[in-house]
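Each number in the numbering used here corresponds to the 1-based position in the sequence shown with 1 added. See structure below.
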Amino acid sequence: MAREPGRRSFPRRHPILTGLAVLIVGFVAWSSVNSYLHRPEREDIAPVEATRAIDHLQPVAAFASIPDEASRSVALFNEAGRVIQHPRCMNCHPVGDRPTQGDRMRPHEPWVTRGPDGHGAPGLECKTCHGFTNFDPSGVPGDPHWALAPADMAWQGKTLGEICRQIKDRARNGDRSLDDIVRHMAEDGLVGWAWNPGGARTPAPGTQQEFGALIRAWVSTGAQCPA
């Protein structure tokens, strides 16, 4: 058919190429939305500009007025539970094979699993991203012993009483005695990271010294557990 003088002609669109273009545009749009939804939270990347006020734990002396030793022991553990059930601790004690992160305990990004020994799957071990110290420019936390707690030490989804009984059970606590538990809670460097988490993450309540003192007093009063 002859083209009318002065009228431009346009090439006929190829249906396959048009479909591919639509798919590409859709994929780019989906990637942008997905990246936004999974963007790092401010708690992960923003450095703390000012010294954060410490939310102190109650001292051991605050429980001295409880006359019954068993009740005092339970009260001490309840106070220590403010640390144990804090996201800084719970994120590394998941029920499944994938850690959580952030104060909202969202699934870890990127997707990682505990692997055969809690240090990540071969080829994507924890040390691939996590160094010996916190790296504030990217918000990636770090410690020389960064790893997940063993699967039989999972705490997420459990009551404080259930966690307490688990902590005392040598079959589920890494074969630790109660004295070992005290040393672990009061002195372990990775446990101590909870009070120095980097970025704008919320530290665990109190200090490691306050926490260790509560655990020590809990053990000395019979290591009783909440119901």
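Note that beta-carbon positions come from the ideal geometry of N, C-alpha and C, so glycine has one too.
- Listed in chain order, the beta strand (DSSP E) runs fully inside the region 92 to 130 amount to none, counting runs of at least 3 residues.
- As computed with DSSP, V141 is found in a beta bridge with F136.
- Contact between A76 and I67 holds: CB atoms are separated by about 6 Å, below the 8 Å threshold.
- The three-state secondary structure of R217, taken from DSSP, is helix.
- Contact between the region 134 to 143 and the region 164 to 177 is absent: fewer than three C-beta pairs spanning the two stretches fall below 8 Å.
- Sequence-distant partners of C130 (beyond 5 residues in either direction) whose C-beta falls short of 8 Å from its own C-beta, in its chain, are V141.
- Note that the region 105 to 123 does not touch the region 174 to 190; fewer than 3 beta-carbon pairs, one per stretch, sit closer than 8 Å.
- For F64, there is no enclosing alpha helix (DSSP H), as DSSP gives it neither H nor E.
- By the criterion of at least three beta-carbon pairs nearer than 8 Å, the region 148 to 158 is in contact with the region 83 to 102.
- Here the alpha carbons of H146 and A205 stand approximately 19 Å from one another.
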